[in-house]
Structure formats: C-alpha cells, structure tokens
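Residue numbers (the working numbering): 2 to 246. See structure below.
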Ligand SMILES: CC(C)(COP(=O)(O)OP(=O)(O)OC[C@H]1O[C@@H](n2cnc3c(N)ncnc32)[C@H](O)[C@@H]1OP(=O)(O)O)[C@@H](O)C(=O)NCCC(=O)NCCS
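Quick look at the structure:
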C-alpha cells in the first residue's frame, strides 16, 4: 500500500477517522498512570510536531504515532526508566533549553483493519526520517510488547529473549522493530505504574476483586496487586527498550 506521511497537526483530522483508528488496541487502565496524567498535556502541546500520521491513497488515516526528544549518552544504562520517565525527561530537557539528540517513539497505532500489512514498519521509518531531518542521532522506543499479556507471569527479562523458529522475537511488536533493524537494548520492568481504587479496577478489568492479592487481568502484561484495606490496586507495566540504527 502506498502511504504518505504528514504531521498530525498539519491540518484538521476528521473525528470519525480518529475514532476508527483508536477504536481498539488498548486496555482501559492504560490511562491510569498519574505521572503521565501530570505531564501529558504539556508534552503533547510542546512536541505536537513529533506526532505523525500515515494516509492511504484516499487520504484516510491508517496509522499514527508520536515521539518526544531527549538527551541520551548512547549508553543503555542512561536510558530513562521507561515510558513515564521519558515524558518527564523530555520536559526537563526542554526546560533546560533543549539540545536533545534522541527521538523516543512513545506509541504507534495502526487502524484495526490495516494490521499485519507492514504499516507500523513504515511509520517507524517515517520517525527515522524525522530524526534525520531534526539532526537527532538516536531513535529509541520503550516498546509495549503486544503478546506479553498472554504470559503475565513471565518476567519481562525472559519474555524479551523469546524467539520463533526463524530467530525473530516471539512478540509481534518487538519483531516489527527488529525486522527493520532495531535491537533490544534492555528491559524496562517498571515503565509505567497504574493505580486506582478497587472499584475502578473492577470497572477497568470487568472482574470482581474481593480479596487483597495478585490477579491476572485481561490485557495486563503483569498481574495486578490489590490491597483491599488501602482501597488500592497497583499495576506495573513492563516495556522493552529498542534502539534503531
Ligand atoms: C502493534 C501494532 C502497531 C503493529 O502494527 P502492524 O502494522 O500490524 O505491524 P506489522 O504489520 O509489522 O505486524 C507485526 C506482526 O504482527 C502480525 N499481526 C499483527 N496484527 C495482526 C492482525 N490484526 N492480523 C494479522 N496479523 C497481525 C503480523 O502478521 C506480523 O507478524 P509477522 O512478523 O509474522 O509477519 C498494531 O498491532 C497496533 O496498532 N496495535 C494496537 C496498539 C498497540 O498495541 N501499539 C503498540 C504499543 S505502542
């Protein structure tokens, strides 16, 4: 499929196209990270030119993704702790006057009917071109592995090493990155922390949570920990850092 790339902000986007694009792919609890809530408004405003869309030949949005700039030494141990820390660092680096050298691809979304057609790879290639245009040296991503929810009891450090017979990663989303030349650099076991009351978690998971303890939840990459006394559910989301070029 031939696609064109544009900044999301280049022109107004029809609501129905955005609704279709984002109609599935994320659990409800994905927005329950308080730190992200604190930062996201400012981040999206400051870096709106780092949000890209892919359009098909009918000018319909088939994929979208967004990124933030940070300063990075190139050493894996200097990467932010994960998704939330990347947002915080992007703001800190901006407030210190910019001068960033790294594009962090935060999220990608392909239209539900257009998945499995290589569009995510094209979107990642568009981010690499954007990094070139901005003279950013590195492109990295804290990847949310889409199949990890099938193995919520497996440590991310093991899951990230699992491969298929063709030696490509078992996880489809990590595989997309690796297929176009990225490599896994390290795991981010606590990339995000989602919290809520027990009632909120019952709503988000559509499960009764009667006791304190650990629960395997739909679309959870890790189990959810519930403390009934404290009326608190805590879920820690693991990611995997990949580095392009
Ligand atoms: C993750 C995502 C961006 C991948 O996009 P994509 O364009 O489908 O990626 P690819 O075409 O490279 O497919 C990757 C692999 O998954 C398989 N796949 C993914 N979705 C599929 C689908 N709906 N039907 C068939 N195959 C699918 C592909 O066949 C491919 O496997 P292969 O390596 O054996 O060929 C997309 O599935 C998506 O938008 N998911 C919801 C949001 C999300 O989880 N984003 C990632 C976290 S930021």
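We put the CB at the ideal spot given by N, CA and C, even for glycine.
Asked	Found
Closer than 6 Å: residue 111 CB and nearest ligand 1 heavy atom	yes
7 Å Cβ cutoff met for residue 210 and residue 185	no
Contained beta strand (DSSP E) runs [length at least 3] in the region 27-103, N- to C-terminal order	52-56 and 62-71
Where the alpha helix (DSSP H) through residue 178 begins and ends	173-180
Contact under 7 Å by Cβ, residue 132 with residue 141	no
Candidates 233, 36, 136 and 238: closest to residue 150 by CA position	238
N-terminal and C-terminal residue of the beta strand (DSSP E) that residue 242 is part of	233-245
Environment of residue 145 [buried if 16+ CB atoms lie within 10 Å]	buried
Inter-residue Cα distance where the pair is residue 180 and residue 47	31 Å
For residue 164, the residue or residues it bridges with in DSSP	170
Beta-carbon contacts of residue 58 that lie in its chain and below 7 Å, excluding the five residues immediately before and after	3
Reduced DSSP secondary structure (H/G/I, E/B, other) of residue 221	coil
C-beta contact flag for residue 105 and residue 183 at 7 Å	no
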